[in-house]
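Chemist:
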Amino acid sequence: MKIATFNINGIKARIGALTDWLDEAQPDVVLCQEIKSVDEAFPREAFEDRGYNVETHGQKGFNGVAILSKLPLEDVTRGLPGDDSDEQARWIEATVVGETHAVRLCGLYLPNGNPVEFDADGTPLRDGKYGYKLDWMDRLEARARALLAEEMPAMMAGDYNVIPQPEDAAKPQSWEKDALYLPQTRAAFRRILNLGFTEAFRAREQAPGHYSFWDYQASAWNRNNGIRIDHLLLTPQAADLMTECRIDKEVRGRDKPSDHVPVWVTLAA
DNA sequence: ATGGCAAGTGTGACTTGA
């Protein structure tokens, strides 16, 4: 079972690039972020024609997540638990049943968190957009604990907007005051990992220089000035099934690319 | 150190992203 995460940066602008990649990579499931579309406007037919079931959790203009799956999607839920006042569309879950195992899939688009405000000491304030990011990560940790307690193959995958380590950025020093790389951000990410999740890509590859995002600006792609912020976190039961994990880097060099590329795992499920 | 781009909304010039 091949499962991918892909921040597509707008479904309308990415139909061609996304369907081209689907036809060639043949994933069973794609967790999509930043669909930037309401549910009614999502171009389902392009994917249903290729045999994918489509579940969306969209909003107008920004954010929005979706799941495309060749397997039936069961028990679909929308929204990250823990704050009924949060109206941003950043979380969707569903279960797929493979030949040997059922797998719970959580697709997420974690808040960016910039700009960060600092006090006079240079300490980031837990306020505004950065406060929302850290609060969202606390809710993610709570959902992660509940998921682990189920003791089933499950994953939380998506655009985490977290650079975990210096080796995950071409120029780590340029991110030091950024919400994606502040110590508080990285600590919150580690707290979740340390509950017992396997970060799929790092479990298979320890070398630096592997990225999943290159900014559209300042020739970031041509200079390979990238960061690795799209992650798949696997429960122990899912990690036991993992056979492969890769980043489809070359997708970034095509026509009308997203600024992110797909990252995928295969599970013996 | 700075500025650089793309997408959505909606048709001009913003907001947001990372």
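Per the UniProt record's numbering: the first sequence ends with 269, consecutive numbering throughout.
Beta carbons are placed, not taken as given, at the ideal position from N, Cα and C, and that holds for glycine.
Here the structure is a predicted model, which is why all the values come from computation and not from measurement.
#1: I'd like the list of long-range same chain contacts for Ile3, defined as Cβ closer than 6 Å, with 5 residues on each side in sequence excluded.
#2: Check for me: the beta strand (DSSP E) holding residue 273 runs from which residue to which?
#3: Could you check the C-alpha separation between Ile67 and Leu80 for me, to the nearest Å?
#4: May I ask you to report which of helix, strand or coil DSSP gives Val251?
#5: Taking C-beta to C-beta, are Pro43 and Ile11 nearer than 8 Å?
#6: In three-state terms, what does DSSP make of Gly16?
#7: List in chain order: all unbroken beta strand (DSSP E) runs of 3+ residues lying wholly within the segment 109–174.
#8: Count the other C-beta atoms from every protein chain shown that fall within 10 angstroms of the C-beta of Thr100, then say buried if there are 16 or more, exposed otherwise.
#9: Taking its Cβ as the centre, do 16 or more other Cβ atoms sit within 10 Å of Leu147, making it buried, or is it exposed?
#10: Excluding the 5 residues preceding and the 5 following Leu110 in the sequence, name in chain order all residues of the same chain whose CB lies nearer than 8 Å to its CB.
#11: Out of Pro183, Ala142, Met155, point me to the one whose CA is closest to Pro124's CA.
#12: To the nearest angstrom, how far is it from the Cα of Glu48 to the Cα of Asp119?
#13: At which residues does the beta strand (DSSP E) containing Glu55 begin and terminate?
#14: Quick check: what's the CA-CA separation for Pro257 versus Lys249?
#15: Let me check one thing: in DSSP terms, what residues is His260 bridge-paired to?
#16: So, is Tyr52 buried or exposed, given that buried needs 16 or more other C-beta atoms within 10 angstroms?
#17: Does the beta carbon of Trp214 fall short of 7 Å from some heavy atom of the ligand NAP?
#18: Find the nearest neighbour of Leu22 within the set Leu267, Ala188, Val263, Ala268, judged by alpha-carbon distance.
#19: Quick one: what does DSSP say Glu199 is sitting in, helix, strand or coil?
#20: Quick check: the Cα distance between Ala179 and Ser85, rounded to an integer number of angstroms?
#21: Determine whether the beta carbon atoms of Ile92 and Glu55 lie at a separation below 8 Å.
#22: In the structure shown, what three-state DSSP assignment does Gln237 receive?
#23: Less than 8 Å separating the beta-carbons of Asp259 and Trp214?
#24: Have a look at Gly122 and Gln173 and give me their C-alpha separation to the nearest angstrom.
#25: Just to confirm, are Gln59 and Val38 a CB contact at a threshold of 8 Å?
#26: Per DSSP, what kind of secondary structure is Asp75 in: helix, strand or coil?
#27: Going by DSSP, which residues form a beta bridge with Glu45?
#28: Any contact of the segment 191–198 with the segment 228–241, i.e. 3+ C-beta pairs under 8 Å?
Modeler: To lay it out plainly:
#1: Val29, Val265
#2: Because the chain is modelled from 1 through 269, residue 273 falls outside the range shown and cannot be assessed.
#3: 15 Å
#4: helix
#5: yes
#6: helix
#7: 154–159
#8: exposed
#9: buried
#10: Arg90, Lys133, Trp136, Met137, Leu140, Gly158, Asp159, Tyr160, Asn161, Val162
#11: Pro183
#12: 51 Å
#13: 53–57
#14: 11 Å
#15: Phe213
#16: buried
#17: No copy of the ligand NAP occurs in the structure displayed, which carries no ligand at all.
#18: Val263
#19: strand
#20: 23 Å
#21: yes
#22: helix
#23: yes
#24: 16 Å
#25: yes
#26: strand
#27: In DSSP, Glu45 forms no bridge with anything.
#28: yes
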